[in-house]
Amino acid sequence: MERRTFLTISGTALSGWAVGGDGGHAGVFARAHDGQPVGEDLVAFLEDSTRRLAGLSTEQRQHTPALLEAHLAAVTGLLATGRFAPALGLRLHTLAASLAQTVAWHAFDVRRHSHASRSWIAGLRHAHAAGDRDLGAGLLGDLAYQAAWRRDHTAAAGILHSALARAQSPAARCLIHLRLARALAARGDRSDRGAVLRSLAAAEHHLSDAGVDRPAWCAWVSEADLAVDSGQALLDLGDTRRAHQLISEGERLLPPARDKTKGVFLAYRAASYLDLKEPEPAAAAAAQSLLLARRIGAPRCARLVDDLLPRFKPYARADGVPELLHLAAA
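For the sequence shown, numbering that gives the first Met the number 0 gives the first residue as 0, with consecutive numbering after it.
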């Protein structure tokens, strides 16, 4: 069990990083922690700097966990000891929930599962305080994703049913249905096939209704995600050929800004080729995924490839397989 730690840096240092050395917010932050009022300018500053962190390129995000934890510590500190108008309180709770969600994903990516769980649960409390049902549903969906990653697909499905009861945005419902289809398919119970297909159809329907006005945490959900997650669910159902087509199609649709997702998709494509007993393209996709994961600092993507390596052993002489095994060992 890891200890929960939040990096604390001074208000001056945090302001200096985000606004080029202007220490004006530092005094406001100190007064807020003495029970003085929290103003609109400080809340806007924290919201803006959080958006800037989230908007960094994929390669740069691996360097941001400490800054995100510092922002979260600042926001939760303001909520605990500051005085603010009700509207600002809602914004602070929303920001805390969003930051907790991002911190949790960073922890999850490096296999700090206890820290990730605690952060998601803390985010749920803030989302509830903010009255944001969609964000709460998203945090439940993230906890379900973690459960599925740890092979507890029944728990994941139960959490996702609870999330669906809360989600209102079509984009949110699309993502949750995709995760539910994946969890049900991965259980390996033939009786779940109809429910898997219904969830995939619901996800497609909600994505078509999503439009551009989406919650920030699921604004990225796209046709690429629909294709790949549908393909992965069909792979677990045994529809290998169609699954491979969808996974390949989804990878082609991904924009360059989503390199980490591309690494995951490439690992899925490698798995689908292995199911087709085609080791050469499987090795090529796995090697590409591993190189991408190492470049951007995405250990979770690398773990997906590592988990596939034993399946390559029977094809040790196939083109590309020795090179992949050597790369993985390096």
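Glycine included, each C-beta is placed from N, C-alpha and C at the ideal position.
- In the same chain as R310, and ignoring 5 residues on each side of it, the C-beta atoms closer than 7 Å to its own belong to L273, in chain order.
- Proximity to P169 across L134, A182, A282 peaks at L134, based on C-alpha coordinates.
- The Cβ neighbour count for K259, taken over all protein chains shown within 10 Å, is at least 16; the residue is labelled buried.
- DSSP, read as helix, strand or coil, puts R117 in helix.
- Distance check between V42 and each of G76, R90, A164, H152 places R90 closest, using alpha-carbon atoms only.
- Excluding sequence positions up to five before and after V263, its CB lies within less than 6 Å of the CB of C300, all in the same chain and listed in chain order.
- One Cα belongs to L289, the other to D40, and the distance between them is close to 43 Å.
- In the DSSP assignment, the residues bridged to P36 are R82.
- Per DSSP, reduced to three states, the secondary structure at H127 is helical.
- Excluding the 5 residues flanking it on each side, A184 has same chain C-beta neighbours closer than 6 Å at V195, A232, D235, L236, in chain order.
- Around the Cβ of Q167, a 10 Å sphere holds fewer than 16 other Cβ atoms; the residue is exposed.
- If one requires a minimum length of 3 residues, no beta strand (DSSP E) run lies completely within the segment 160-217.
- Going by DSSP, D224 is part of the alpha helix (DSSP H) stretching over 222-236.
- Leaving aside the five residues that flank D108 on each side, the residues in its chain whose CB is nearer than 7 Å to its CB run, in chain order, A297, P298, R299.
- For A99, the secondary structure class from DSSP, reduced to helix, strand or coil, is helix.
- Burial check for A200: the Cβ neighbour count within 10 Å stays below 16, so the residue is exposed.
- The C-alpha of R293 lies about 16 Å from the C-alpha of L308.
- Separation of the CB atoms of L71 and A99 is rounded to 6 Å, and the pair is thereby assigned contact status at 8 Å.
- Counting only the Cα atoms, G38 lies some 14 Å from A73.
- V109 sits in coil when the DSSP states are folded into three classes, being neither helix nor strand.
- Between R132 and the set W219, R111, S118, R172, the nearest pair of CA atoms involves R172.
- In the three-state reduction of the DSSP assignment, T63 falls in the coil class.
- By the Cβ-count criterion, V102 is buried, with 16 or more other Cβ atoms from all chains shown falling within 10 Å of its own Cβ.
- I295 has its alpha-carbon roughly 30 Å from the corresponding atom of T75.
- Here DSSP, grouped into helix, strand and coil, assigns P280 to helix.
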